[in-house]
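Its first residue numbered 18, the sequence shown is counted upward by one per residue in the working numbering.
Structure, as structure tokens:
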Amino acid sequence: MSAAAEPTEGPATVQPPEPFGARLRRVTDARGPLCVGIDPHAALLDAWGLGDDVAGLERFTRTVVDALAEEVAVFKPQSAFFERFGSRGVAVLERAVADARAAGALVLMDAKRGDIGSTMGAYAAAYLDRTSPLFSDAVTLSPYLGFGSLRPALETARANGAGVFVLALTSNPEGPEVQHATVADGRTLAQVVLDHLAAENAGAEPLGSCGAVVGATLGRTDADLAINGPLLAPGLGAQGAGAADLPRVFGDALPNVLPTVSRGVLRHGPDGSALRAAVRAETEALVAVLR
Ligand SMILES: O=C(O)c1cc(=O)[nH]c(=O)n1[C@@H]1O[C@H](COP(=O)(O)O)[C@@H](O)[C@H]1O
């Protein structure tokens, strides 16, 4: 090749993936603030006239994704309900993740993983690496092996434009026994987790990619929720909380709340238009409170 024919530009630069926090803000601005949980309980399969088997699981999941993937901002499939059917259940989950993402919804994999750092690396590879068949936009994590044990997941998430939601104040009545316990400096364990998340999200705009899970069922809390990241709020509907409870729980952090509803929406199936109507009604009630 003559010198004149040599390319004058350097190698193409690879753009880093857009951070999860920015993607979440964009999709919730466009579609509304609701996350719909995909929790195929045996009782729901029965109520939908489906068998409690892989065929029932598959029909249920496809119905939810087909009906809602172009409307809701985020789906949160609960991995346990798929894992109970073994590899064929996981295959249903894998397809749901791909179909939901292809339709423009984000997927938050509810797997609540937490382990020693070296094993966390493998969980991170499973859910947060773009080359994985189960790659999801975000995953739920448990910090109770120590926040630092989550480091491999935080790093993989950052490198892949993915996010994490770390359990801080859960919606179940058993949570306070652990989460309200205090550490040597007087902070609750939940506040320690929230402070770590705030440090991870420092300076991120418009929103950090490291979220916290804070139950909508909590009532008033003294916790400082200003983590500059999303706050996943389960507990609406079947667990007794409603949109009207959110201001009391979240106060100034309300704009960053991502409310999630599973049974409260899913009980309206299997009719697709009834599922969509439930999502619209839920979204309207939430927008009135959150915006
Ligand atoms: O991380 C979660 O999603 C979660 C945290 C929490 O504190 N409470 C809680 O209910 N969840 C999950 O949120 C979903 C709630 O389902 P519904 O009560 O049917 O809306 C389930 O998949 C739970 O596993």
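Backbone N, C-alpha and C define an ideal beta-carbon position, used for all residues, glycine too.
Item to check | Completely contained alpha helix (DSSP H) runs for the region 72 to 152, where each covers 4 or more residues | outcome: 96 to 100, 103 to 119, 134 to 144
Checklist entry - Whose C-beta lies closer than 7 Å to the C-beta of R147 among residues of the same chain, with five residues either side of it excluded? => result The residue labelled residue 147 in the question sits at position 130 within the sequence shown. Correct list, in chain order: N177.
Next on the checklist: Helix, strand or coil for V183? Go by DSSP, reduced to three states.
Outcome noted: What you label residue 183 is simply residue 166 of the sequence shown in a count that begins at 1. Residue state, collapsed to three classes: strand.
Item to check | Contact test: D63 Cβ vs ligand 1 heavy atom, cutoff 7 Å | outcome: On the sequence shown, residue 63 is found 46 positions in, with the first residue counted as 1. Result no, Cβ not under 7 Å from ligand 1.
Checklist entry - Between the region 253 to 271 and the region 237 to 245, are three or more C-beta pairs nearer than 8 Å? => result yes
Checklist entry - Since V266 is in the alpha helix (DSSP H), which residue starts that stretch and which ends it? => result Here the question's residue 266 lines up with position 249 in the sequence shown. It spans 263 to 267 - the alpha helix (DSSP H) in which V266 sits, taken as one unbroken run.
Checklist entry - So what's V274 in DSSP terms, helix, strand or just coil? => result For the purposes of this step, residue 274 is identified with residue 257 of the sequence shown, where counting begins at 1. Strand.
Checklist entry - Is the beta carbon of F92 sitting closer than 8 Å to the one on A117? => result The residue given as residue 92 occupies position 75 in the sequence shown. The residue given as residue 117 occupies position 100 in the sequence shown. It is a contact, given that the beta carbons lie within the stated cut-off.
Checklist entry - If you draw a straight line from the alpha carbon of T300 to that of P50, how long is it in whole angstroms? => result Stepping through the sequence shown from its first residue, residue 300 is reached at position 283. Stepping through the sequence shown from its first residue, residue 50 is reached at position 33. The alpha-carbon atoms of T300 and P50 are separated by roughly 7 Å.
Checklist entry - Below 8 Å between beta carbons: does that hold for V195 and Y161? => result Start at 1 with the first residue of the sequence shown, and residue 195 comes out as number 178. Start at 1 with the first residue of the sequence shown, and residue 161 comes out as number 144. Going by C-beta atoms, V195 is nearer than 8 Å to Y161.
Next on the checklist: Which residue wins for smallest C-alpha separation from L253, given the options G246, A143, R237, A233?
Outcome noted: Locating residue 253 in the sequence shown gives position 236, counting from the first residue. Closest by alpha carbon: A233.
Checklist entry - Contact check, V53 vs V296 under 8 Å by CB: the rounded distance? => result For the purposes of this step, residue 53 is taken as the residue at position 36 of the sequence shown. For the purposes of this step, residue 296 is taken as the residue at position 279 of the sequence shown. Contact holds; Cβ gap of about 7 Å.
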